[in-house]
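Here the structure comes first, spelled out in structure tokens, and everything after it is commentary.
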Amino acid sequence: MLLNLLTEERQARLNLEGRFLELQKEQLATETGVTSIHHSSYVNNKTLEDQALLKTLEARFSDLKNDHDALKKADQTENNLLNTNMVFGRLESKINNSITQFEERFIQFKNRTHDDLENKLKAEEVIQNKSLSNAYSMVITQIYNLENTINFTLSRLDFVSSPVAVTACVDSGKFYSSGEVVPFTDILSVNGLSSSELSTFKSGGKFRCTKPGLYFLSTHLTTSTDNGVANLYKDNKHLSQFYFSLKGNWQTNGVVVLQNLSVNNLVYVKLAGAMEVLSGRQSCFSLFQGM
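Just so we're aligned, residue 1 is where the sequence shown starts under the UniProt record's numbering, counting upward by one.
What follows is the structure in structure tokens.
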């Protein structure tokens with residue numbers, strides 16, 4: 001719309017300029033004619049009218065020129081505004097692009113930071129779990145060692161306070177069949193055995209271990225039977241054997257061994273053949289818990 005007004009204004013100005021030139025020519029011609037006819041009254045009046053019209057046109061031209069200048073300034077202002085809007089548009093586009101790039105970089109940084117933090121947390125968790133596992137294994141090992149130490153200490157205290165020791169002999173001599181266990185029912189000395197444990201030993205002839213450790217085992221028999229054979233056993237394991245070969249009325253023979261005994265191991269003397277076993281201090285069994 002502004003461009004249309006400028007165009008119309010320019011066209012009007014050109015028309016006025018053309019009319020102004022024509023009037024100037026007429027004025028010049030009139031002035032020349034007036035001079036020629038000695039300034040006739042009619043010409044004078046016409047000249048005055050033309051001069052008045054010329055002044056009016058000059059005033060109108062001045063107004064149009066002022067309007068033209070104002071429109072020109074307005075046009076320049078509009079162009080400046082358009083340029084400013086273009087600059088603002090480009091600046092806004094750059095700002096939007098910068099904001100978009102910043103948002104993308106921020107999201108990338110956030111994701112990378114989150115991934116790095118998660119990886120570090122996982123690595124730290126693995127290290128902590130491994131450390132806890134190692135610490136747990138170490139504690140379990142220490143507890144196991146402590147339990148063993150406590151058990152060993154208790155066993156040593158039990159041994160120191162009351163080591164197992166017993167000496168018993170055959171109470172009544174008689175003739176035993178092959179495979180019989182020799183009973184030692186005459187208790188000469190005892191330590192570290194309860195009454196029930198001692199009763200079991202006396203009734204069956206077998207010593208049952210209740211305190212594990214290294215034991216000193218000794219037995220001797222006296223017989224009047226030639227070619228007699230006796231064996232010392234731990235459970236069903238044959239520990240030692242001794243023979244009798246008479247060169248008189250009777251003979252004494254025996255064995256001495258060291259043996260590690262566990263709880264519930266049985267120790268006893270069993271005959272490998274029929275023979276007479278004499279009583280009293282002539283046929284005895286002894287053991288002592290060394291450690």
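For glycine and all other residues, C-beta sits at the position ideal for the given N, C-alpha and C.
### Task
Report the rounded CA-to-CA distance for V255 versus H220, giving the unit in angstroms.
As a position in the sequence shown, residue 255 is number 255, starting the count at 1. As a position in the sequence shown, residue 220 is number 220, starting the count at 1. Distance between the alpha carbons of V255 and H220: 7 Å.
#### Entry: L271, enclosing beta strand (DSSP E) - first and last residue
Here residue 271 refers to the residue found at position 271 of the sequence shown. Unbroken beta strand (DSSP E) run through L271: 266-271.
### Task
Classify A74 as helix, strand or coil using the three-state DSSP reduction.
In the sequence shown, counting from the first residue as 1, residue 74 sits at position 74. Reduced to three states, the DSSP call for A74 is helix.
### Query
Under a Cβ-count criterion, where at least 16 other Cβ atoms within 10 Å of its own Cβ denotes burial, should S194 be classed as buried or exposed?
One-based indexing of the sequence shown puts residue 194 at position 194. Counting Cβ neighbours within 10 Å, S194 comes out exposed, since fewer than 16 surround it.
### Task
With DSSP collapsed to three states, give me the class of L246.
Walking along the sequence shown from the start, residue 246 turns up at place 246. DSSP places L246 in coil when its eight states are reduced to three.
### Task
Could you check how far apart the C-beta atoms of V257 and L239 are, in whole angstroms? I think they sit under 8 Å.
For the purposes of this step, residue 257 is taken as the residue at position 257 of the sequence shown. For the purposes of this step, residue 239 is taken as the residue at position 239 of the sequence shown. Indeed, because the Cβ distance is near 6 Å, the residues count as touching under 8 Å.
### Message
Considering only heavy atoms of the ligand SAM, does any lie closer than 8 Å to the CB of N97?
### Response
Questions concerning the ligand SAM fall outside what the structure shown contains, since it holds no ligand whatsoever.
### Task
Give the secondary structure of E17 by DSSP, where H, G and I count as helix, E and B as strand, and everything else as coil.
Sequence index remark: in the sequence shown, residue 17 carries index 17 (1-based). If DSSP states are grouped into helix, strand and coil, E17 belongs with the helices.
### Task
With DSSP collapsed to three states, give me the class of N191.
Locating residue 191 in the sequence shown gives position 191, counting from the first residue. Three-state result, N191: strand.
### Task
Check whether the segment 162-181 touches the segment 266-285, taking contact to mean three or more Cβ pairs, one atom from each stretch, closer than 8 Å.
yes
### Task
Report buried or exposed for F184, applying the criterion of at least 16 other Cβ atoms within 10 angstroms of its Cβ.
Sequence index remark: in the sequence shown, residue 184 carries index 184 (1-based). Classification for F184: buried.
#### Entry: Nearest neighbour of F207, chosen from L28, E124, F285 [CA to CA]
Indexing the sequence shown from 1 puts residue 207 at position 207. Checked all of L28, E124, F285; the closest Cα to F207 is F285.
### Query
In angstroms, rounded to a whole number, what distance separates the CA positions of N227 and I140?
Within the sequence shown, numbered from 1, the residue matching residue 227 stands at position 227. Within the sequence shown, numbered from 1, the residue matching residue 140 stands at position 140. Cα-Cα distance, rounded: 59 Å.
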